[in-house]
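Undergrad: Please read through the structure below; I'll follow up with questions.
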Amino acid sequence: MMREILIVILVVGLVVSLPYFFPEKEAPQLTDHELRELALSLNLKPTPTDFKTLLKIIDNPQNLLSKEKIALGKLLFFDPLLSKDKDISCASCHKLDEGGDDNLATAIGHRGQANPSHLNSPTVLNAALATSQFWDARAKDVEAQAHGPIQASFEMNMTPEELVARLNAIPSYKEIFKRVFPEDINGGINFDNITKAIGAYERTLLTRGSFDEFLEGDNNAISEKAKRGLELFINKGCKGCHTGMSVGGLSIQKFPLRRNIADLFNVTFSPDFKTIDTTFPFKNTGGFLGKDGSKTFRVPILRNVTETSPYFHNGAVKDIEKAVWIMGKYQLGIDFSESQIDEIVAFLKTLQGEIIEYRFDD
Numbered sequence: 007m008m009r010e011i012l013i014v015i016l017v018v019g020l021v022v023s024l025p026y027f028f029p030e031k032e033a034p035q036l037t038d039h040e041l042r043e044l045a046l047s048l049n050l051k052p053t054p055t056d057f058k059t060l061l062k063i064i065d066n067p068q069n070l071l072s073k074e075k076i077a078l079g080k081l082l083f084f085d086p087l088l089s090k091d092k093d094i095s096c097a098s099c100h101k102l103d104e105g106g107d108d109n110l111a112t113a114i115g116h117r118g119q120a121n122p123s124h125l126n127s128p129t130v131l132n133a134a135l136a137t138s139q140f141w142d143a144r145a146k147d148v149e150a151q152a153h154g155p156i157q158a159s160f161e162m163n164m165t166p167e168e169l170v171a172r173l174n175a176i177p178s179y180k181e182i183f184k185r186v187f188p189e190d191i192n193g194g195i196n197f198d199n200i201t202k203a204i205g206a207y208e209r210t211l212l213t214r215g216s217f218d219e220f221l222e223g224d225n226n227a228i229s230e231k232a233k234r235g236l237e238l239f240i241n242k243g244c245k246g247c248h249t250g251m252s253v254g255g256l257s258i259q260k261f262p263l264r265r266n267i268a269d270l271f272n273v274t275f276s277p278d279f280k281t282i283d284t285t286f287p288f289k290n291t292g293g294f295l296g297k298d299g300s301k302t303f304r305v306p307i308l309r310n311v312t313e314t315s316p317y318f319h320n321g322a323v324k325d326i327e328k329a330v331w332i333m334g335k336y337q338l339g340i341d342f343s344e345s346q347i348d349e350i351v352a353f354l355k356t357l358q359g360e361i362i363e364y365r366f367d368d
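Per the working numbering, residue 7 is the first one in the sequence shown, and the count goes up by one each step.
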C-alpha cells in the first residue's frame, strides 16, 4: 500500500513539475493565411453553401433525402401530436432559434418530468454531422436518435403503435406518407418511416457563420482576438477532440481526463486504494457516468456553443468562460489565463451561425 502511495506521489510530482523544467514558449502569432491553412489541415472545415456538395456529406444511403421527405420531417418535428398529451414536440427541447437546445440544465418532458439522469439536451443543429448521438453515443445517427425521445416515458411518452394509429387517423398525414414512401405497401405510416422523415429534416439543419467565411478566404470575417483564440484552440489541444465540420461530435472521450492519473499512466492499484480523486469538477447531479458508466461521453458539437448554455452533460456550468477554464484545467492540464479564455471565447462566437436555407433541386 505504501509503495502504491509513493508511486502516485512521484507521478503527480513529475506531472506538476514538468512545466517548470520545460516552460512552454509562446509561438509567434500566425499570419491569416498560415492560420487558415493550419485549421484546414487539421480537419476544421467550412460548411458548404451548395446543396449538392452538402448531400455528399449528409445523405444517408438507408434514408435517401428528397424534397418531400424533408418537408414531412419538418412537419413532424414541430408537431406536438407526437407526444402522449399532444403538448410536446421535438422543437420543444430543440429550439432552432436558440442554438438548437432548450437552454435548461435538464430537459423537461411528459407532464413536467425532468430527465431522470438530469441530462442536458444536446443541440440538434449540425447533429447530422456527428458520428453518434446522445451523451453516451448509443445511437448511430439522427434517424436512430429519433426513436428515443418519442418513446421515453419522461419525454414524449408514446409507443410506436399509439403514434402510428394517431397519424393514420389524420387523412393529410396518410396522403403525405403514401407519397413520400410509395414503396411501402401498407401506406407508408410506420414508426421507422416517421423517424426517417424526422432524420431527413434534421440532416438539413446545418449552420454557417463567420468562421466558415474565414476558412474560405475572408481575412476580415473574424476579429484579431478571435484569430488568437483559434490559434490557442489549435495549439493547446482543443482541436484534438473538437474537429471536423461540426467542430465536435466525432468521437467519444473520457472526462475528466487529467485527474485520472492512474489510467493515464497505466498504473494498476489494489481495490482498496482510493487516494486518487476522479470526481467531476462540478456536482454531478443525476449521477450520469457516460457510456457504460465509464465516464466517457460523446464530444459536444461546438457550433453555436455560445447559444447553448448551460454546459456539460448535466448542465452544471452556466458560463462559457467557466466551461473553457474547466476543459483547460481538467482535460488538457492547462490553467488558461483570463485573456486566453477571452480569446478562445471570441473564437467560439465565430461558430455561431444561421441555418442554411438549402434548395433541393429535383
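Note that CB positions come from ideal geometry on N, CA and C, so glycine has one too.
(1) Bridge partners for D107 per DSSP, in chain order?
(2) Note down the Cα distance separating F370 from R209, rounded to an integer number of angstroms.
(3) On a Cα-Cα basis, can you pick out the residue from E43, N310, D91 and R172 that is closest to V130?
(4) Alpha carbons only, please: which of A158, I347 and L212 is nearest the one belonging to A133?
(5) What residue range does the beta strand (DSSP E) around R304 cover?
(6) Could you check if E349 is buried or exposed, using at least 16 other CB atoms within 10 Å of its CB as the buried criterion?
(7) Over the uninterrupted beta strand (DSSP E) stretch that includes T213, give me the two end residues.
(8) Quick one: Cα of T312 to Cα of F318, how far?
(9) Does the segment 162-174 come within contact of the segment 133-150, defined as at least 3 CB pairs closer than 8 Å?
(10) What residue does the beta strand (DSSP E) around E360 start on, and which one ends it?
(11) Here's the rule I'm using: 16 or more other beta-carbon atoms within 10 Å means buried, otherwise exposed. How should G223 be labelled?
(12) Buried or exposed, going by whether 16 or more other CB atoms sit within 10 Å of the CB of K289?
(13) Report the rounded CA-to-CA distance for I200 versus Q259, giving the unit in angstroms.
(14) Rounded to the nearest angstrom, how far is the Cβ of T249 from that of H124, given a contact under 8 Å?
(15) Determine contact between the segment 38-54 and the segment 107-125, defined as no fewer than three beta-carbon pairs at a distance below 8 Å.
(16) Determine whether the beta carbon atoms of L41 and E237 lie at a separation below 9 Å.
(17) For G376, which residues of its own chain have a beta-carbon under 6 Å away from its beta-carbon, when the five flanking residues on both sides are left out?
(18) Under a Cβ-count criterion, where at least 16 other Cβ atoms within 10 Å of its own Cβ denotes burial, should T285 be classed as buried or exposed?
(19) As an exercise, report each continuous alpha helix (DSSP H) stretch of at least 4 residues that is fully enclosed by the segment 31-73, in chain order.
(20) Determine which residues share a DSSP beta bridge with A120 and list them.
(21) Identify whether Y317 lies in helix, strand or coil by the three-state DSSP scheme.
(22) To the nearest angstrom, how far is it from the Cα of A232 to the Cα of N225?
(23) Who are the Cβ neighbours of T302 in its own chain at under 6 Å, not counting the five residues just before and after it?
(24) With a threshold of 16 other CB atoms inside 10 Å of the CB of K324, please say whether the residue is buried or exposed.
(25) Give me the residue from D198, L61, G359 and E344 with the minimum Cα distance to S216.
(26) Among L110, W331, I204 and L308, which one has its Cα closest to the Cα of E74?
(27) Relative to the alpha-carbon of D86, which residue among K80, C96 and A77 has its alpha-carbon at the smallest distance?
(28) Taking DSSP as the reference, what is the three-state secondary structure of V323?
(29) Would you report the Cα separation of A322 and R185, rounded to the nearest angstrom?
(30) Below 8 Å on the Cβ atoms is my contact criterion, and I expect P128 with D107 to pass it. Report the Cβ-Cβ distance as a whole number of Å.
(31) In the DSSP output, which residue or residues are listed as bridge partners for A145?
(32) Which of helix, strand or coil does DSSP assign to G296?
(33) If we call anything under 9 Å between Cβ atoms a contact, is L135 one with I240?
(34) With a 10 Å radius around its C-beta and 16 neighbouring C-beta atoms as the bar for buried, classify K355 as buried or exposed.
TA: So, from the listed chains and residues:
(1) The residue you call residue 107 lines up with position 101 of the sequence shown. According to DSSP, D107 bridges with K101.
(2) In the structure as shown, the chain starts at 7 and stops at 368, and residue 370 therefore has no counterpart that could be examined.
(3) One-based indexing of the sequence shown puts residue 130 at position 124. That would be N310, whose Cα lies nearest to the Cα of V130.
(4) As a working note, residue 133 is residue 127 in the sequence shown. When only C-alpha atoms are compared, the closest one is L212.
(5) For this step, residue 304 is matched to residue 298 along the sequence shown. From DSSP, the beta strand (DSSP E) with R304 extends over T302 to R304.
(6) The residue given as residue 349 occupies position 343 in the sequence shown. So E349 ends up on the buried side.
(7) Position 207 of the sequence shown, counted from the start, is the residue given in the question as residue 213. Unbroken beta strand (DSSP E) run through T213: T213 to G215.
(8) On the sequence shown, residue 312 is found 306 positions in, with the first residue counted as 1. On the sequence shown, residue 318 is found 312 positions in, with the first residue counted as 1. Distance between the alpha carbons of T312 and F318 is about 13 Å.
(9) no
(10) Translated into the one-based positions of the sequence shown, residue 360 becomes position 354. Residues G359 to I361.
(11) Residue mapping note: residue 223 aligns to position 217 of the sequence shown, counting from 1. Exposed, because fewer than 16 other Cβ atoms sit within 10 Å of the Cβ of G223.
(12) Here residue 289 refers to the residue found at position 283 when the sequence shown is read from its first residue. Under this definition K289 is an exposed residue.
(13) Reading the sequence shown from its first residue, position 194 is the one you call residue 200. Reading the sequence shown from its first residue, position 253 is the one you call residue 259. Each residue's Cα considered, the two are about 31 Å apart.
(14) As a working note, residue 249 is residue 243 in the sequence shown. As a working note, residue 124 is residue 118 in the sequence shown. Going by Cβ atoms, the distance from T249 to H124 rounds to 28 Å, so no, they are not a contact pair.
(15) no
(16) Position 35 of the sequence shown, counting from 1, holds the residue named residue 41. Position 231 of the sequence shown, counting from 1, holds the residue named residue 237. It is a contact, given that the beta carbons lie within the stated cut-off.
(17) Lying outside 7 to 368, the shown extent of the chain, residue 376 is not represented and no answer is given.
(18) Taking the first residue of the sequence shown as position 1, residue 285 is located at position 279. T285 should be labelled exposed.
(19) 38-47 and 57-64
(20) Translated into the one-based positions of the sequence shown, residue 120 becomes position 114. I114.
(21) The sequence position of residue 317 within the sequence shown is 311, counting from 1. Correct three-state label for Y317: strand.
(22) Position 226 of the sequence shown, counted from the first residue, corresponds to residue 232. Position 219 of the sequence shown, counted from the first residue, corresponds to residue 225. Approximately 11 Å, taken between the alpha carbons.
(23) For this step, residue 302 is matched to residue 296 along the sequence shown. Answer for T302: I258, K260 and G296, listed in chain order.
(24) Start at 1 with the first residue of the sequence shown, and residue 324 comes out as number 318. Flag for K324 reads exposed.
(25) Locating residue 216 in the sequence shown gives position 210, counting from the first residue. Here the closest residue by C-alpha is G359.
(26) Walking along the sequence shown from the start, residue 74 turns up at place 68. Nearest of L110, W331, I204 and L308 to E74, Cα basis: I204.
(27) Indexing the sequence shown from 1 puts residue 86 at position 80. The question names Asp, but residue 86 in the sequence shown is Pro. Nearest option by C-alpha distance: C96.
(28) Within the sequence shown, the letter at position 317 stands for residue 323. The answer is strand: DSSP assigns V323 an E or B state.
(29) Position 316 of the sequence shown, counted from the start, is the residue given in the question as residue 322. Position 179 of the sequence shown, counted from the start, is the residue given in the question as residue 185. So the alpha carbons of these two residues sit roughly 45 Å apart.
(30) Start at 1 with the first residue of the sequence shown, and residue 128 comes out as number 122. Start at 1 with the first residue of the sequence shown, and residue 107 comes out as number 101. Right, the Cβ-Cβ distance comes to about 7 Å (below 8 Å), so this counts as a contact.
(31) As a working note, residue 145 is residue 139 in the sequence shown. For A145, which the question treats as bridged, DSSP gives the partners Q139.
(32) On the sequence shown, residue 296 is found 290 positions in, with the first residue counted as 1. Here G296 sits in strand by DSSP.
(33) Stepping through the sequence shown from its first residue, residue 135 is reached at position 129. Stepping through the sequence shown from its first residue, residue 240 is reached at position 234. No. Outside cutoff.
(34) Translated into positions along the sequence shown, residue 355 becomes position 349. By the neighbour-count rule (16 or more Cβ atoms within 10 Å), K355 is buried.
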